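Novice: The structure is given below, and queries will be raised subsequently.
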Amino acid sequence: MFPSLLRLPELDVLTPETVSEAAKMLFRRSDAEFVAGGTDIIAKIKMREMRPGVLIDLSGIRELDYIKVQKRMIKVGAMTPLAKLFSNRYVRKHQAFKALEEKFAPPIIANMATVGGSIATRSLVSDLLVVLLAMDSNIRLLGRRGHQTMKLDRFLARKNIRALITEVSLPAPSPNLITLFDKIHPSNSRYPLASISLCLKVDKRGKITYAGVAANCARNGEPSRITRVERLMLGKKLTEDLVEDAVKRLQTSAQPHADFMAPDWYRLEALATLFRRMGMKAVKALGV
Ligand SMILES: Cc1cc2nc3c(=O)[nH]c(=O)nc-3n(C[C@H](O)[C@H](O)[C@H](O)COP(=O)(O)OP(=O)(O)OC[C@H]3O[C@@H](n4cnc5c(N)ncnc54)[C@H](O)[C@@H]3O)c2cc1C
């Protein structure tokens, strides 16, 4: 049955107006869940995959809807809609975000879905997670012990974190930094079968000083960085040969899953092909 045809069960909804009110509400009841844009959780509740006792609606927290551009960082509030993020002119200087917008679901979803919700789902469907992982982004959380900043990959590795995500920070665009994203999806939906992002920083001689590679199904069908590929690239000059070596390393490092939409070997081949294409683009853009 389609989620849109199912009815929501009766639910209490709380409407905090501040970050601290929202966090207090979460810790007061163990069966409480946040709802941000609602594009993920509402379908799950309708399908009875989740049964929260109470929903905490974050949409009234205006203080979490912002994009602050600083010299080295861009800080984005958790309630910022994805459409607003994609259309920000500084964010769009990252080629990865331009590609992400082009390959994203229809605008109705991008208008509703939020940055915080896309991170909290921890889902292989979240293209944003893939881009943010490759960029080595930090997220800011408000948990029982107060505010905390942590690397996004650490957050994903720790499954039992119960906290309000308040902010994500990513590197500001710069001429020696390239960020790319690509994905393969079925013709009738934007659901990513395989999505991958590459973030490279080079010095004046073309030597890679930072390499970030992440895919939506990198480890048993979960979004993750592919650190063996990153280590291979780090400290080397960005050349076509290096890209080919990195493709081979990716083919022995990524562990995509099989499901009804695609077998694992297909996803692995797709990741390798997309990665090669992005690597060659990076050589053209950054290689010396
Ligand atoms: C038809 C369709 C097509 C889609 N296509 C794409 C696509 O092409 N690419 C893609 O990347 N994604 C796609 N998505 C997924 C979509 O991006 C996610 O559903 C969305 O990002 C979730 O954000 P949200 O704000 O709606 O989260 P919600 O549904 O409101 O919440 C999701 C989860 O996050 C938790 N949560 C929300 N905010 C916070 C917070 N600040 N702190 C802690 N926990 C929080 C909630 O409790 C809930 O468990 C698609 C979804 C649909 C329905």
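Just so we're aligned, residue 2 is where the sequence shown starts under our numbering, counting upward by one. The beta-carbon is built from N, C-alpha and C at its ideal position, and this holds for glycine as well. All values reported here derive from a predicted model rather than from experimental measurement.
1. Ignoring anything shorter than 4 residues, give me the alpha helix (DSSP H) runs that lie fully in the stretch 65 to 134, in order along the chain.
2. Give the range of the beta strand (DSSP E) segment to which A271 is assigned.
3. Could you work out which residue in V214, A24 and D58 is closest to I162 when comparing CA atoms only?
4. Since D58 and L15 should fall inside the 8 Å C-beta cutoff, what is the C-beta to C-beta distance between them, to a whole number of angstroms?
5. Mind checking whether Q256 and R220 have CB atoms under 8 Å apart?
6. Give every residue of the same chain whose Cβ lies closer than 6 Å to the Cβ of I110, excluding the five residues on either side of it in the sequence, and list them in chain order.
7. Can you grab the Cα-Cα spacing for the pair G54 / L65, in whole Å?
8. Could you please give the first and the last residue of the uninterrupted alpha helix (DSSP H) stretch that includes L178?
9. Going along the chain, which residues of its own chain have a beta-carbon closer than 6 Å to the beta-carbon of E18, five neighbours each way excluded?
10. So for I43, helix, strand or coil by DSSP?
11. Can you give me the Cβ contacts of N217 inside the same chain, cut-off strictly under 6 Å, excluding the 5 residues immediately before and after it?
12. Would DSSP call S188 helix, strand or coil?
13. Which two residues bound the contiguous alpha helix (DSSP H) that contains F28?
14. Roughly how many angstroms lie between the CA atoms of L231 and L9, to the nearest whole one?
15. Does the stretch 238 to 249 come within contact of the stretch 262 to 280, defined as at least 3 CB pairs closer than 8 Å?
16. Just to confirm the assignment, what range does the alpha helix (DSSP H) spanning E241 have?
17. What is the rounded straight-line gap between the Cα of K69 and the Cα of G147?
18. Tell me, to the nearest whole angstrom, how far the beta carbon of I140 is from that of L153; I am working on the premise that it is less than 8 Å.
19. Could you pull the DSSP bridge partners for P224 from this structure?
20. By Cβ distance, which residues of its chain are closer than 7 Å to L239, with the 5 residues on each side in sequence left out?
21. Taking the straight line between their C-alpha atoms, what separation do you get for R123 and D242?
22. Assuming A33 is part of the beta strand (DSSP E), what are its boundary residues?
23. Would you kindly work out how many angstroms separate the C-alpha atoms of A271 and P176, rounded to a whole number?
24. What would DSSP say about S170, mapped onto helix, strand or coil?
25. Under 7 Å Cβ to Cβ from L233, same chain only, skipping five residues before and after it: list those, please.
26. Taking its Cβ as the centre, do 16 or more other Cβ atoms sit within 10 Å of F261, making it buried, or is it exposed?
27. Looking at the structure shown, is L9 part of a helix, part of a strand, or coil, going by DSSP?
28. If contacts are defined as beta-carbon pairs under 8 Å, then L143 and V20 qualify, I think. What distance do you get, rounded to the angstrom?
29. State the DSSP-derived secondary structure class of G207, mapped to helix, strand or coil.
Specialist: On the basis of the coordinates in this document:
1. Runs found: 83 to 88, 96 to 104, 108 to 113 and 116 to 121.
2. First-last for A271: D265 to L287, but that is the alpha helix (DSSP H), not the beta strand (DSSP E).
3. From the listed residues V214, A24 and D58, the smallest Cα separation to I162 is found for A24.
4. Indeed, because the Cβ distance is near 7 Å, the residues count as touching under 8 Å.
5. With a cutoff of 8 Å on beta-carbon distance, Q256 and R220 are scored as near each other.
6. T40.
7. Spanning the two alpha carbons is a distance of roughly 24 Å.
8. First-last for L178: L178 to I185, but that is the beta strand (DSSP E), not the alpha helix (DSSP H).
9. These residues qualify, in order along the chain: G61.
10. Looking at I43 - three-state DSSP - the assignment turns out to be helix.
11. Hits under 6 Å: L125, V131, P193, S196 and P224.
12. The answer is coil: DSSP assigns S188 none of H, G, I, E or B.
13. V20 to R29 is the span of the alpha helix (DSSP H), which, as asked, contains F28.
14. The question names Leu, but residue 231 in the sequence shown is Glu. Answer to the nearest angstrom: the Cα atoms are 44 Å apart.
15. Result yes; three or more Cβ-Cβ pairs closer than 8 Å.
16. E241 to S254 is the span of the alpha helix (DSSP H), which, as asked, contains E241.
17. If I take the Cα positions, the gap works out to 22 Å.
18. L153 and I140 do touch by the CB rule: their CB atoms are close to 5 Å apart, below 8 Å.
19. For P224, DSSP records no beta bridge to any residue.
20. Excluding residues within five positions, the ones whose Cβ falls inside 7 Å are L201, V203, G207, I209, A283, V284, L287 and G288.
21. Each residue's alpha carbon lies about 34 Å from the other.
22. Secondary structure note for A33: its beta strand (DSSP E) is the uninterrupted segment A33 to V36.
23. The alpha-carbon separation between A271 and P176 amounts to approximately 29 Å.
24. In the structure shown, S170 sits in a strand (DSSP, three-state: E or B).
25. The residues D246, A247 and R250, in chain order, have a CB closer than 7 Å to that of L233 in the same chain once the five nearest residues on each side in sequence are set aside.
26. Here F261 is exposed. Its C-beta has fewer than 16 other C-beta atoms within 10 Å.
27. For L9, the three-state secondary structure derived from DSSP is coil.
28. Contact between L143 and V20 holds, with the beta-carbon distance rounding to 6 Å and staying under 8 Å.
29. Coil, per DSSP.
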